[in-house]
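Visitor:
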Amino acid sequence: MSELNLILLGPPGAGKGTQASRLTEDFGLPYIGTGDLLREHKRQGTDLGRQAKEHMDNGGLVPDDLVIAMILEKIDEEGDDGFLLDGFPRTLPQADALAEELEKRDRRLTAALLIDAPDETVVQRLSGRRQCSAGHLYHVDFDPPKHEGVCDQDGKPLMQRKDDEPETVKKRLATYHQATEPLKDYYDERSLLRRFDGTRDVTEVHDHIRATLATLRLEERL
Ligand code: AP5
Ligand code: MG
Numbered sequence: 005m006s007e008l009n010l011i012l013l014g015p016p017g018a019g020k021g022t023q024a025s026r027l028t029e030d031f032g033l034p035y036i037g038t039g040d041l042l043r044e045h046k047r048q049g050t051d052l053g054r055q056a057k058e059h060m061d062n063g064g065l066v067p068d069d070l071v072i073a074m075i076l077e078k079i080d081e082e083g084d085d086g087f088l089l090d091g092f093p094r095t096l097p098q099a100d101a102l103a104e105e106l107e108k109r110d111r112r113l114t115a116a117l118l119i120d121a122p123d124e125t126v127v128q129r130l131s132g133r134r135q136c137s138a139g140h141l142y143h144v145d146f147d148p149p150k151h152e153g154v155c156d157q158d159g160k161p162l163m164q165r166k167d168d169e170p171e172t173v174k175k176r177l178a179t180y181h182q183a184t185e186p187l188k189d190y191y192d193e194r195s196l197l198r199r200f201d202g203t204r205d206v207t208e209v210h211d212h213i214r215a216t217l218a219t220l221r222l223e224e225r226l
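In this text, residue positions in the sequence shown follow our numbering: the first is 5, and each later residue adds one.
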């Protein structure tokens, strides 16, 4: 079967993580989420976690070389038959590094899935986001858990991410517009960009992406 090598693009709070958990189930793909991996390094207090902390807490980006090494290692460990990357690449050098490394392995990207949403939507989403330590996602208004403050899936307490404070969200948005948004053109020029309206509800966005991926897969087989 043809492999799906996918990346998710989009501003903070557009719903990348929310859709990723659905898509990895639909297509049996390993989920490689840069933010989750970095947060785990922070929790465990590794060298990488210590280096990443100040950048993440300020709404900036972790240096390219650190993130590239971390992700390539993961792709080699888990992504032999396809992968879904969430939050990588986020800069042009990261995109070039990914393309080069895939080419060395005689592989290529299937698509870059852009989930887009305006800044106002993102701010509203992130202020109400809650998640458990395993990364299961909720929203106090749009997707509340059955029992307030407790994860439906594993009963763990729900927390707010430190970088979801309003001032940090503003900085993350500025970082996105400056460093990551140019990737839209980068992938469009390579005919890999697929756009999705992240302001629609979770199920609609999911249906739309799933249909697009089913079509892409059919085309690959023809
Ligand atoms: P990361 O964890 O990747 O954060 P992000 O890109 O800012 O994205 P978020 O996780 O905040 O948003 P999301 O799009 O996943 O939205 P979600 O599904 O949760 O990165 C964190 C940090 O790590 C970065 O700032 C950086 O410092 C560092 N980093 C990461 N990757 C890096 C890289 N490659 N290079 C350098 N540094 C890197 O949804 C948000 C909320 O909205 C939830 O509450 C959800 O329930 C709700 N929601 C989702 N969809 C909908 C919908 N359709 N309708 C209503 N509500 C919705
Ligand atoms: Mg996320």
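All C-beta atoms, glycine included, are put in the ideal place defined by N, C-alpha and C.
Taking all protein chains shown into account, do 16 or more other C-beta atoms lie within 10 angstroms of the C-beta of R134, making it buried, or fewer, making it exposed?
Guide: Within the sequence shown, residue 134 is the residue found at index 130, counting from 1. Under this definition R134 is a buried residue.
Visitor: Cα-Cα, which of T125, L70, G39 is closest to D201?
Guide: What you label residue 201 is simply residue 197 of the sequence shown in a count that begins at 1. Among T125, L70, G39, the Cα nearest to that of D201 belongs to T125.
Visitor: Is the separation between the beta-carbon of H140 and that of D167 shorter than 8 angstroms?
Guide: Taking the first residue of the sequence shown as 1, we reach residue 140 at position 136. Taking the first residue of the sequence shown as 1, we reach residue 167 at position 163. No, they are not a contact pair.
Visitor: Using 7 angstroms as the cut-off, classify the Cβ of K46 as near or not near the heavy atoms of the ligand MG, replying yes or no.
Guide: Numbered from its first residue, the sequence shown carries residue 46 at position 42. Checking every heavy atom of the ligand MG against the Cβ of K46, none is found closer than 7 angstroms.
Visitor: What residue does the beta strand (DSSP E) around L199 start on, and which one ends it?
Guide: The count along the sequence shown starts at 1 and reaches residue 199 at position 195. It should be pointed out that residue 199 corresponds to Arg in this sequence rather than to Leu. Per DSSP, R199 belongs to the beta strand (DSSP E) from 197-201.
Visitor: Express the C-alpha separation of K150 and K160 in angstroms, rounding to a whole number.
Guide: Here residue 160 refers to the residue found at position 156 of the sequence shown. Here residue 150 refers to the residue found at position 146 of the sequence shown. Answer to the nearest angstrom: the Cα atoms are 13 angstroms apart.
Visitor: When you compare the CB positions of Y142 and D90, do they come within less than 8 angstroms of one another, or not?
Guide: Walking along the sequence shown from the start, residue 142 turns up at place 138. Walking along the sequence shown from the start, residue 90 turns up at place 86. Contact flag unset, no.
Visitor: Assign Q23 to one of two classes, buried (16 or more other C-beta atoms within 10 Å of its C-beta) or exposed (fewer than that).
Guide: By 1-based counting over the sequence shown, the position of residue 23 is 19. So Q23 counts as buried.
Visitor: Is the distance from the Cβ of L42 to the Cβ of M60 below 8 angstroms?
Guide: By one-based count along the sequence shown, residue 42 stands at place 38. By one-based count along the sequence shown, residue 60 stands at place 56. Yes; because the gap between Cβ atoms is below 8 angstroms, this pair is in contact.
Visitor: Which of helix, strand or coil does DSSP assign to R133?
Guide: Mapped onto the sequence shown, residue 133 falls at position 129. Reduced to three states, the DSSP call for R133 is strand.
Visitor: DSSP three-state label for H140, please.
Guide: The residue you call residue 140 lines up with position 136 of the sequence shown. In the structure shown, H140 sits in coil (DSSP, three-state: anything other than H, G, I, E or B).
Visitor: Going by DSSP, what residue range makes up the beta strand (DSSP E) through A116?
Guide: Sequence index remark: in the sequence shown, residue 116 carries index 112 (1-based). Its beta strand (DSSP E) spans residues 115-120.
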